[in-house]
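What follows is a single structure, written as structure tokens, with notes after it.
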Amino acid sequence: MENLRIEGSDDTPFVIFDKKNAIFEISGRSLPEDVLQFYEPVMEWIKNYSKESNPITAFTFKLDYFNTASSKVLLDMIGSLTAIKGTSIIWYYNEDDEEILDAGKEFSEQVDIPFEFKVY
């Protein structure tokens, strides 16, 4: 399975999904002009990965900021992870950023996936 790597910018997050090395991370800021277009390859990769996933998969989110449109897509993405057995989410937040922490907690209440919250 091919890795997915999307370089981040001021408005888009860095994405690295590497099945072989068990690296699944989205980090940075998410406010792309066309959120659906930006996240389409991410959602497609997750869909394909779910067919041949690793026994244990820890998705890492290290987002500094995301807009409302990104929030909806992130929730859809996290929801799609429920199809992958052995999945957990590590949600990083800055200790001074209650908005990101609260968003992670809200996401965790809407899906049946274990979340771990960590300060970075």
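Quick note: the sequence shown uses this note's numbering, first residue 39, plus one each step. For glycine and all other residues, C-beta sits at the position ideal for the given N, C-alpha and C. Just so you know, these numbers come straight off a predicted model, no measurement behind them.
For residue i, three-class secondary structure by DSSP
i, result
"I122", "coil"
"Y130", "strand"
"D114", "helix"
"T106", "helix"
"D140", "helix"
"S91", "coil"
"S65", "strand"
Reference residue i; option with closest CA among the options
i, options, result
"S109", "P51, R43, I44", "P51"
"S47", "I64, D56, A121", "I64"
"K85", "M115, A60, D56, V73", "M115"
"L101", "E137, A121, M81", "E137"
"S91", "K143, K58, E71", "K58"
"D49", "D72, D56, V80, N41", "D72"
Residue j beta carbon less than 8 Å from that of residue i
i, j, result
"R67", "I54", "no"
"L113", "F104", "no"
"P152", "S118", "no"
"M39", "Y77", "no"
"V149", "T120", "yes"
"I128", "K156", "yes"
Per-residue burial, residue i [other beta carbons within 10 Å of its own, 16 or more giving buried]
i, result
"T106", "exposed"
"Y158", "exposed"
"G124", "exposed"
"P70", "buried"
"A60", "exposed"
Chain D within 8 Å of residue i, Cβ atoms only
i, result
"F97", "The structure shown contains no chain D; it holds only a single protein chain."
Would you be able to state if there are at least three C-beta pairs under 8 Å between the stretch 131 to 138 and the stretch 88 to 96? Between the stretch 88 to 96 and the stretch 131 to 138 there are fewer than three inter-stretch CB-CB distances shorter than 8 Å, so the stretches are not counted as touching.
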